[in-house]
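Residue numbers (this note's numbering): 1328 to 1648.
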C-alpha cells in the first residue's frame, strides 16, 4: 500500500528501548502508606474530572452517569436532541438533586452535525472546564430486511451510530491533545458488532456497530501517545427503549430464552464495566479493548438450525445442546 506524501506517522517505540522515564504515560502513584484498606478500595475505582455523555437522556446513559457521580465525578454534560432532553427532565433533575456538589448541565446536540458538535463541546468546556471522560451512548436501531431497506435509512444509521461517535471523539480528542490533558473515550458498541443476531434483520445497525469497534482500535493506537485511552463496551440485549415495541415482543422472548442466564440485561449491569474504564487507577492500563456485557450470550454459536452453548464441558470434548 503506497503512503501519502508528507503524511504524519505514528511514533512507534521498540520495547527494548522503553524504560519508565521514556514511557508515553506514567503508571498511577502508589497508595499513601497512611491509607486504610477502605481508602484504597475507594481510590482504586475513583472517577475524577468532568464527563460528557452523548445520548445523555437515554436509559443507559443516565444509569451510567449516576454511577460515575457516585464514584466521584465532579462535572457532567449531557448531550442529546432537544425532545429527548425535555423527556428526560425528571431523571436529570433527580441527578442534580442527588449530587448537589456536582456541576450538571445539558447541551442540545445533533451528533451528526459537525458544527453543532464543535459548538456543543466548546459549550461544555466553557461550563465545566476540561473534559476528561467521553461516553458515546447516542444511537438508533431499525429492524428492516436488507432487500427492503431504503438508502436514506441506511445512511441515517451510519450517520448517527458511527459518524456521530467519530465527530464527538474527534472534537474532544483535539481538545485533549491541544491542552495535553489526556483522557478516556468510551464508545458504546454492541454484541451485534461482533456477530449476526437472529431473528431480527438489522444489517445497518450491525454494520454501524462493527465500525465503532474498529474505530475504537484505530484511535487507541493513534492517540495513546497523548495519554488518551479509547475503549468500548458491547452490551447484549438490554431492557431499554431500543428493544421495546409491539414488533419486538416475540423477539424479546427469543432473546431471553436463548441467553444462558435466561433474561435480558438491566441498565445497572452496564455501569460496573464503565466505572472500571473511566476510573483513574482501575482502568489505567486498559486501552484499545472491548468489554462484552451480555450474560454469556457470546458463547452461543449458530449450528445448522439449532444452537450450541460452548461450555467448559465442550472445551474438554463434549457439547451441551
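Backbone N, C-alpha and C fix where the C-beta goes; we use that ideal spot for every residue, glycine too. Everything numeric in this text was worked out from a predicted model, so none of it was measured.
Residue i versus residue j: straight-line alpha-carbon distance, rounded
| i | j | result |
| --- | --- | --- |
| residue 1480 | residue 1535 | 12 Å |
| residue 1397 | residue 1476 | 43 Å |
| residue 1436 | residue 1356 | 38 Å |
| residue 1487 | residue 1465 | 7 Å |
| residue 1597 | residue 1517 | 12 Å |
| residue 1630 | residue 1368 | Residue confidence is low: residue 1630 scores 35 on pLDDT, short of 50, so the model does not pin down where it sits. Its coordinate-derived value is still stated next. Going from the Cα of residue 1630 to the Cα of residue 1368 covers about 44 Å. |
| residue 1416 | residue 1592 | 25 Å |
| residue 1472 | residue 1378 | 37 Å |
| residue 1422 | residue 1429 | 9 Å |
| residue 1489 | residue 1531 | 11 Å |
| residue 1431 | residue 1361 | 33 Å |
| residue 1307 | residue 1372 | One cannot answer for residue 1307 here, as it falls past the ends of the chain, which runs 1328 to 1648. |
| residue 1348 | residue 1521 | Annotation note: pLDDT 48 at residue 1348 (below 50); position unreliable, coordinate value reported separately. Going from the Cα of residue 1348 to the Cα of residue 1521 covers about 38 Å. |
| residue 1366 | residue 1399 | 13 Å |
| residue 1526 | residue 1564 | 13 Å |
| residue 1541 | residue 1385 | 24 Å |
| residue 1485 | residue 1414 | 25 Å |
| residue 1621 | residue 1560 | 10 Å |
| residue 1543 | residue 1445 | 20 Å |
| residue 1524 | residue 1454 | 42 Å |
| residue 1412 | residue 1359 | 42 Å |
| residue 1498 | residue 1441 | 9 Å |
| residue 1364 | residue 1370 | 10 Å |
| residue 1633 | residue 1504 | Unreliable placement is indicated for residue 1633, whose pLDDT of 39 sits below 50; the coordinate value is still reported in the next sentence. Residue 1633 and residue 1504: Cα-Cα distance of roughly 50 Å. |
| residue 1494 | residue 1443 | 10 Å |
| residue 1424 | residue 1381 | 21 Å |
| residue 1467 | residue 1418 | 21 Å |
| residue 1459 | residue 1533 | 29 Å |
| residue 1613 | residue 1389 | 24 Å |
| residue 1420 | residue 1552 | 38 Å |
| residue 1537 | residue 1376 | 30 Å |
One or two residues paired with residue i in a DSSP bridge
| i | result |
| --- | --- |
| residue 1434 | 1406 |
| residue 1463 | 1381 and 1514 |
| residue 1619 | 1561 |
| residue 1556 | 1511 |
| residue 1592 | 1565 |
Residues near residue i in its chain [Cβ-Cβ closer than 6 Å; skip 5 each side]
| i | result |
| --- | --- |
| residue 1554 | 1352 and 1509 |
| residue 1610 | 1603 and 1604 |
| residue 1529 | 1470 |
| residue 1512 | 1461, 1496 and 1557 |
| residue 1383 | 1405, 1406 and 1407 |
| residue 1426 | 1396 |
| residue 1618 | 1560 and 1600 |
Own chain partners of residue i with C-beta closer than 7 Å, once the 5 adjacent residues on each side are dropped
| i | result |
| --- | --- |
| residue 1391 | 1462, 1597, 1598 and 1601 |
| residue 1409 | 1435 |
Cβ-Cβ separation, residue j to residue i (assumed contact under 8 Å), whole Å
| i | j | result |
| --- | --- | --- |
| residue 1606 | residue 1374 | 6 Å |
| residue 1434 | residue 1451 | 6 Å |
| residue 1491 | residue 1550 | Between residue 1550 and residue 1491 the Cβ distance is about 19 Å, and since that is not below 8 Å, they are no contact. |
| residue 1502 | residue 1448 | 7 Å |
Neighbourhood of residue i by C-beta, 8 Å cutoff - its chain only, sequence neighbours within 5 removed
| i | result |
| --- | --- |
| residue 1506 | 1457 |
| residue 1387 | 1464, 1515, 1562, 1565, 1567, 1594 and 1597 |
| residue 1546 | 1496, 1500, 1512, 1555 and 1557 |
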